[in-house]
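See structure below.
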Amino acid sequence: MLLPDLVGNPTRHLRIDESWADGIHRDLIASQLFGGRPGNLTRIGLGTFVDPRLEGGKVNEPARRHAPDYVALEQLDGEDFMLYRSFQIDVGIFRASSVDQDGNCSHEDEAVMLDSLAIAQAAHNSGGLVICQAKRLVPRGTINPKQVTVPGCLIDLVVEAPDPERQHRMTDGTFLDPVYISSASETELPRAPYSTRLAIGRRAIRFLHQGDVVNIGTGIPGDSVGPALSEAGLSDDVTLTVESGVYGGVPAGGVDFGITAHPRAIISHASQFDFYNGGGLDATFMGAGQIDEQGNVNVSRLGGRVIGAGGFIDITQSARLVCFCFMLAGKNQKFVPQVEHLTFSADQARKRHQQVRYVTEKAVFGLAPAGLELLEIAPGLDVTKLLAEVPFKISVS
């Protein structure tokens, strides 16, 4: 309800990439009051809307006019970097499955860990208020020390959910299902019926190699890549991950995106992005809102509606292979002369020597030195008619 109003809203709104939030938590854990870090220095975000040479993450006019600059461009050894400045946190809110009388928290019913510990530590070290929503309260000594995810000394206030089925669900679509927090020896999907989305997934997985560590994004990738791998008998050949911190299993789609059935491991959100941004990803499959003639991609603002980037910027600037999956025949035109918002920078991808593919139900395109090129077309389709659907020139390999 809030998102469509951000651009014209009189309050100041800032949109940042996901690992910046993780970095802020870490910087505040090492509090500036005691010689800690002033911010997070990284290449992530260069050339996108969070770059201070573009918007600096300020998505509306009040922010551009009045908000402080939280992002700065710095040079180190002649190279450009982004400095994401840390700031104090007044209130940190997270949730836990069980909280004992001392405030110790555990997450046994949660499908993901996210940043509960980092949020609590950062808010505590900022002198802020730390609030935990508890699914249930348990007696002192009930939680095994190795199962404690957030120590009680960090907690200021615990709020027990009076109606957990409504207020403390595992996801929007699921109250509690053990399949999302338990492992299994076999995680193959039943054969999915043919669909346009599955066809895109089939094309996309051909770029993978045995042993690849893969990130799956929401939308078409989340709905199609897992089923396509299962159909091809390749599920055990690669490791699927989700930015929330999940490894392995069968990715859930729709409103349950971010979790998997029978995961092999669940780590913290911050640790996942450390791995991603450190170059651990061989490939990522992402959706796309708009693509322009340079190969830039927008997913963060469409039709004036601010959506946000989530972990999109971090992941697409870190993976060796970036594969955008979308439908050409969808209700909205994907190819546009110029993207409304710059969430993926084609120039940065070229500088990083990333392999970039744009996979659709009709054709596969690649990022070329100067724009896009057509690499493959579906059987029975006419190249001339296909290119006529695109409002700019595309070379043919």
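The opening residue of the sequence shown carries number 1497 in my numbering; numbering runs sequentially from there.
In this text, a Cβ means the ideal position worked out from N, Cα and C, and glycines have one as well.
Quick caveat: nothing in here was measured; it's all calculated off a predicted structure.
Have a look at Q1663 and D1673 and give me their C-alpha separation to the nearest angstrom. 16 Å
L1633 - DSSP class collapsed to helix/strand/coil: strand
Identify which residue in E1604, I1627 and E1606 has its Cα closest to the Cα of I1615. Nearest of E1604, I1627 and E1606 to I1615, Cα basis: I1627.
Provide the residue(s) that pair with G1867 in DSSP beta bridges, ordered along the chain. Paired residues: A1864.
Are at least three pairs of beta-carbons, each pair with one atom in the region 1778-1794 and one in the region 1835-1854, less than 8 Å apart? yes
Within the chosen definition, does the region 1619-1633 reach the region 1584-1599 through at least 3 CB pairs nearer than 8 Å? yes
Name, in chain order, the residues that DSSP records as bridge partners for R1591. Q1629
Looking at A1748: is its Cβ nearer than 8 Å to the Cβ of I1755? yes
How many angstroms separate the CA atom of Y1676 from the CA atom of F1577? 38 Å
Contained alpha helix (DSSP H) runs [length at least 4] in the region 1769-1849, N- to C-terminal order: 1808-1812 and 1842-1847
According to DSSP, is I1716 part of a helix, a strand, or is it coil? DSSP places I1716 in helix when its eight states are reduced to three.
Ordered along the chain, which non-local residues of its own chain (more than five positions away) have a Cβ less than 7 Å from that of L1877? K1858
Counterpart residues of A1761 in DSSP-defined beta bridges: Y1743
So for L1883, helix, strand or coil by DSSP? helix
Residue range of the beta strand (DSSP E) that includes G1697: Boundaries for G1697: no beta strand (DSSP E) harbours it, while the alpha helix (DSSP H) harbouring it runs T1692 to A1700, taken from the DSSP string.
Closest to F1771 by CA distance: which of I1811, Y1580, V1746 and P1635 is it? I1811
Euclidean distance between Cα positions of P1759 and Y1690: 25 Å
Using CA coordinates, which residue listed in L1542, L1579, Q1629 and V1546 is at the minimum distance from S1796? Considering only alpha carbons, the answer is V1546.
Beta-carbon gap between V1818 and A1842 smaller than 8 Å: no
Helix, strand or coil: how does DSSP classify G1624 here? In the three-state DSSP reduction, G1624 falls in the coil class, being neither helix nor strand.
Give me the Cα-Cα distance between E1869 and L1883, rounded to the nearest whole angstrom. 11 Å
With C-beta atoms as the reference, is A1592 less than 8 Å away from C1601? yes
Reducing DSSP to helix, strand and coil, say where A1568 ends up. Note: A1568 maps to strand in three-state DSSP.
Among the candidates F1703, P1717 and Y1743, whose CA atom is the shortest distance from the CA of S1679? Y1743
Can F1808 and I1712 be called in contact, C-beta distance under 8 Å? no
Own chain, CB closer than 7 Å to E1872, minus 5 neighbours either side, in chain order: A1859 and V1860
For R1699, count neighbouring Cβ atoms within 10 angstroms of its own Cβ and tell me buried if that reaches 16, exposed if not. buried
What distance in whole Å lies between the Cβ atoms of G1806 and V1751, which are believed to be in contact at a cut-off of 8 Å? V1751 to G1806, Cβ: 15 Å. No contact.
Who does D1611 pair with in a DSSP beta bridge? D1611 is not bridged to any residue.
Look at the alpha carbon of P1534 and the alpha carbon of Y1566, and state the distance between them as a whole number of angstroms. 11 Å
Would the beta-carbon of E1789 fall within 8 Å of that of P1833? Result yes, Cβ atoms of E1789 and P1833 sit closer than 8 Å.
Within 10 angstroms of its Cβ, does L1725 collect 16 or more other Cβ (buried), or is it exposed? buried
From this set, L1550, L1537 and S1582, which residue's C-alpha is nearest Q1571's C-alpha? L1537
Measuring CA to CA, which of V1646, S1740 and A1630 is closest to P1658? A1630
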